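Worksheet: the structure to be examined is printed underneath.
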Amino acid sequence: MSLHATTTVEASADVSLRVPRGGTEDLTSGVAGVLDAVDAVSAVTVERVTSVRPGNTDIRVDADVTVVLELPAAASGGVTESARPLAVETQLTDGFGITQVNEVESVDPVGDA
């Protein structure tokens, strides 16, 4: 149980990440695994893989995804609507293997948020 207030959101984003070779049966599962390893993320749906660039030890991938994640809520009553895309980007790029969030297309509160 977290001692810090959070806001749960569902966000659609275009992300660039590195998927380890040989880690999963398919690329889509690899993308989901990298995103699911981010502490703030509780659910991942990979909408589509848009670019693949094989490397020596990993595969560089661009993908459109939808994630459910926890954003830290400010003491003033939560993350403002205008600040949510940047907060999503910050949470995702803190994850290992995620190189860039190219665009956050939408951020919607989940539940009573």
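Counting in this note's numbering, the sequence shown runs from 1186 upward without gaps. All residues carry an ideal CB built from backbone N, CA and C; glycine is no exception. These numbers come from a predicted model, not from an experiment.
Looking at the structure shown, is residue i part of a helix, part of a strand, or coil, going by DSSP?
i	result
GLU1210	coil
ASP1279	coil
SER1187	Unreliable positioning characterises SER1187 in this predicted model, as indicated by a pLDDT of 47, which lies under 50. The coordinate reading is nonetheless provided below. Coil, per DSSP.
ASP1224	coil
ALA1258	coil
Sorted by chain position, which residues of the same chain lie with C-beta nearer than 6 Å to residue i's C-beta, five sequence neighbours on each side aside?
i	result
VAL1273	ALA1196, VAL1289 and VAL1292
SER1227	VAL1253
Go through its chain and collect everything with a Cβ distance to residue i's Cβ below 7 Å, but skip five positions before and after it.
i	result
VAL1295	THR1193, VAL1194, GLU1195 and VAL1253
THR1191	GLU1255, LEU1256, PRO1257 and ALA1258
THR1213	VAL1231 and VAL1234
Taking all protein chains shown into account, do 16 or more other C-beta atoms lie within 10 angstroms of the C-beta of residue i, making it buried, or fewer, making it exposed?
i	result
GLN1285	exposed
With DSSP as the reference, identify every bridge partner of residue i, one or two as the case may be.
i	result
LEU1271	LEU1271 pairs with nothing; no bridge assigned.
VAL1286	VAL1200
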